[in-house]
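Numbering (my numbering), first residue to last: 337 to 449.
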């Protein structure tokens, strides 16, 4: 259902994007190799939020379904980039503790595993 999708996004997807913005992206120097990646990933956050908003405001179920599908596909690609490109890049930055950043990120999204 649309309501279920929106609840999932508010509980899982949006906190994930906020955690990346607060804990991971600031670790990447703005003039380094990862700056373009971070810029692109921030843009994806905006697009994901826009698609989730569309799900909530469109009138036709087909439009809501299309926006939800777009948000899901974009988020999957975004998560892959984070795991395959961003985290390995952060591990190469001298003086940066990826463990500390990930711990803060997990705390923000409510994971206490």
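The beta-carbon is built from N, C-alpha and C at its ideal position, and this holds for glycine as well.
Bear in mind that the values here come from a model prediction, so they are computed numbers and not experimental data.
Subject >> Through-space distance from residue 377 to residue 414, alpha-carbon basis >> reply: 7 Å
Original post:
How do the region 416-432 and the region 350-363 stand: do at least 3 beta-carbon pairs fall below 8 Å, yes or no?
Top reply: yes
Original post:
So which of 369, 338, 381, 357 has the shortest CA-CA distance to residue 428?
Top reply: 369
**OP:** Taking only the alpha-carbon atoms, compute the straight-line gap between residue 358 and residue 394 and give it to the nearest angstrom.
**Re:** 30 Å
Subject >> Straight-line gap, residue 424 to residue 371 (C-alpha atoms, nearest Å) >> reply: 14 Å
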